[in-house]
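Position one of the sequence shown corresponds to residue 50 (this note's numbering), numbered consecutively onward. For reference, the structure discussed in these notes is given below.
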Amino acid sequence: MPWFALRRRDLPWRAGHGAWGIWVSEIMLQQTRVEVVVPFFERFLERFPTIESLAQSDIEEVLQFWAGLGYYRRARMLHAAAKRVHDDLQGVIPTDLDGLLALPGVGPYTAAAIGSLAFGLHAPVVDGNVKRVVARVCALHLASDDRALHRESESVGTRWMSLLPRNEAPGALNEAVMELGATVCTPKLPKCTECPLAEGCLALVNGDVLRYPRAKKAKAFVEMALFFFVLKQGDAYLLSKRRNGWNIGLYEPPCVPEEEHESLDAAWHSLSLGSAKLKVLGGSIRHAITHHKISAQVIEVTEWQLPSDLPAFAFALPGDVPLTGLARKVVKHASK
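Here it is in structure tokens:
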């Protein structure tokens with residue numbers, strides 16, 4: 050704990066935003082690096098400083114403020130949870146683990162983080178950083194995604210919390226272990242000489258720190274090739290809202306899989322958007338999402354004659370609606 054007092058990073062969610070700020074930060078930090086989250090957190094909290102402000106906002110606006118952070122289901126679940134707290138719990142965030150776990154999008158990790166950091170609950174947090182610290186301190190040659198390592202990390206965290214002096218907050222211990230894993234006990238270049246747990250670290254004693262935890266098997270990527278058709282009306286683009294698959298509720302230009310069509314013209318006509326002149330823009334766009342590697346070809350569409358009835362499409366300014374990450378790349382590529 051003295052180490053954490055000296056090495057604690059100055060992060061915006063540690064600056065008195067209360068339980069709401071802690072909650073938002075923990076949701077954003079899931080599968081996203083700290084340095085990426087910081088500007089998004091600050092912008093999000095400026096617009097939605099309270100649960101009430103988020104609960105009373107339209108989901109499209111919420112997604113727009115989340116745009117670029119990825120994993121948009123997190124934003125939808127946070128919005129749903131805020132509405133639940135506002136509508137059913139008089140705007141009061143539950144202070145116990147069971148109450149927190151009953152909220153949409155709040156699992157054991159998030160509940161323990163909010164509970165310990167905001168309400169002083171003795172609930173150990175287990176994330177990738179914590180599991181790496183525990184695996185090395187205890188020399189547990191388990192894969193990082195092994196449930197046995199998760200259980201052991203919870204057990205070790207509980208033992209460490211039981212040793213805390215009464216004046217030490219359990220949330221601070223959780224933060225300290227996560228901070229240790231993020232800044233010192235790192236995956237590839239651990240700074241063992243700076244580690245406050247070095248003397249009792251079995252992996253260091255054994256001289257093979259990098260052996261722990263065991264690497265999990267990498268999932269194979271699926272290759273995809275897409276055509277994106279760009280139609281402009283002034284500064285506005287023809288866009289549609291995604292209603293299934295990834296990024297539900299976000300917008301993108303008309304898009305079809307390349308492999309499903311024998312030619313570019315056939316791909317365009319599959320959209321039933323009328324006649325047009327097509328021009329392939331040079332260079333392709335690379336994008337990765339959920340174990341898929343996407344190669345996108347951008348097609349400039351001119352001299353178009355759209356049908357009068359376009360229920361799935363509308364012209365909109367890119368800044369007025371939340372775009373998918375790939376759609377933002379497409380718009381940028383088309384505007385060069």
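Ideal Cβ positions, reconstructed from N, Cα and C, are used throughout, including at glycine.
- Contact between the stretch 251 to 261 and the stretch 181 to 200 is established, with three or more Cβ pairs separated by less than 8 Å.
- Cβ-Cβ distances below 6 Å link V175 to H199, S202 and E203 in the same chain, with the five nearest sequence neighbours on each side left out; the list follows chain order.
- The residues A192, S193 and D194, in chain order, have a CB closer than 7 Å to that of K265 in the same chain once the five nearest residues on each side in sequence are set aside.
- The three-state reading of DSSP puts L198 in helix, counting H, G and I together.
- Between A383 and L330, the beta carbon gap of about 7 Å places them in contact (Cβ cut-off 8 Å).
- Sixteen is the threshold: when 16 or more other Cβ atoms of the shown chains lie within 10 Å of the Cβ of V86, as they do, the residue is buried.
- In the displayed model, Y158 falls within a helix according to three-state DSSP.
- Assigned with DSSP and collapsed to three states, I76 falls in helix.
- The three-state secondary structure of E301, taken from DSSP, is strand.
- C-alpha of P157 to C-alpha of I334: approximately 38 Å in a straight line.
- Counting only runs that start and end inside the stretch 162 to 237, the alpha helix (DSSP H) elements of at least 4 residues fall at 177 to 186, 196 to 211 and 219 to 232.
- When only Cα atoms are considered, A68 and C234 end up about 28 Å apart.
- The DSSP assignment places 313 to 318 as complete runs of the alpha helix (DSSP H) inside the stretch 313 to 363, in order along the chain (cut-off: 4 residues).
- Judged by their CB atoms, R123 and G154 are nearer to each other than the 8 Å cut-off.
- Taking 8 Å as the cut-off, the beta carbon of L166 is found closer than this to the beta carbon of I71.
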